[in-house]
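Worksheet: the structure to be examined is printed underneath.
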Amino acid sequence: MTRWLVAIAVALLVIGAGYVVFLNGEPTVVRLTPERSLRAPLAGVLLGAFLAGGTVVGLIAAGSAGVRGWRGWRARRRAQRDARRAEATARARDLLWHGDSEQARMELLRGESGAPADVPSLALLAESYLQEGDSSAARKVIDEGLVRVGFDPHLLDLLAEACERGGDLRAAAEALERARLTQPESRRLGRRLRDLYAAAGRWPEALSIQAQLLLRVRQPAALAREQQMMRGLRYQAALAEPDPRRAAR
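Here our numbering is used: the first residue of the sequence shown is 1, the next is one more, and so on.
In structure tokens:
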């Protein structure tokens, strides 16, 4: 049925073209440039213009189809790459859970030209070094990863852990401060930063964080625990205060 329709359409086009040629057989002058001209039958000029326009439209349509095909190919390639990365990340997470940190790293770096460029893989890569006690390598991985993916709170939290294990409490606190800028309502990050301030003897900062945490607690049992923590921090701050009058406040 389709072939018959195509044949009928072609026949109608041929008949129409012949009719136009029959009606417009007289010659006409077509100027190609200001100095050059061409004398041709009017029907031929009309049909030539029609064919030229059809060719241009066909080329544009073919170009658009090619662009769509190229974009579809790129999207499929990207989807396949993301699927492979997700599978490698899942395998690495399982290996890391079972303590095989070296094999987990091999899974994460397989098929990559360098360190991974996504947050889950970067976090697992850093955790593989932390599991081996190599906090400096973990810190390097995260520092380089943050340049590519931005200030992700999960990576900043891991960076704080790596710095803390390496004894650099100031850098650990700075990492958590940046993480809290992205998630100011996170109680977990608040408690981590409070504990780091306390470990570094920065009692005013620890008290400030604890006061913020107290304002977000509603349950009586949790409120009692946070109030007890506040009293403990105030006591430690008083012990660390060299001025007895200020400590008595």
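Heads up, the beta-carbon is just placed ideally off N, CA and C, and yes, glycines get one too. In this text the structure is predicted, and so the values were computed from the model without any measurement.
In the structure shown, R216 falls within a coil segment according to DSSP collapsed to helix, strand and coil. Non-local C-beta neighbours of A175 in its own chain, meaning closer than 7 Å and more than five positions away in sequence, comprise L156, L159, A160, C163, ordered along the chain. With 16 or more neighbouring CB atoms inside 10 Å of its own CB, Q210 falls in the buried class. Counting along the chain, the unbroken alpha helix (DSSP H) around E161 starts and ends at 153-165. The alpha-carbon separation between V217 and V149 amounts to approximately 33 Å. Contact annotation, L169 with W203: C-beta distance approximately 14 Å; criterion of less than 8 Å not satisfied. In this structure R105 is buried. Its beta-carbon is surrounded by 16 or more other beta-carbon atoms within 10 angstroms. The region 73-83 makes no contact with the region 53-63: fewer than 3 CB pairs, one atom from each, lie closer than 8 Å. DSSP places Q183 outside both helix and strand once states are collapsed to three, so it counts as coil. With contacts defined as CB atoms closer than 7 Å, L108 and P120 fail to qualify as a contacting pair. The three-state reading of DSSP puts D195 in helix, counting H, G and I together. Note on geometry: alpha-carbon atoms of A137 and L181 lie some 25 Å from one another. In this chain, the alpha helix (DSSP H) harbouring R139 covers 135-149. Around the CB of V141, 16 or more other CB atoms lie within 10 Å, so the residue is classed as buried.
Annotation for E107: the continuous alpha helix (DSSP H) segment containing it runs 101-109.
Secondary structure of E241 (DSSP, three-state): coil. Approximately 14 Å separates the beta-carbon atoms of A126 and P153; this is outside 8 Å, ruling out the contact. The C-alpha of W70 lies about 12 Å from the C-alpha of R78.
Just so you know, the alpha carbons of D195 and A65 end up roughly 60 Å apart. When secondary structure is reduced to three states using DSSP, R188 falls in the helix class.
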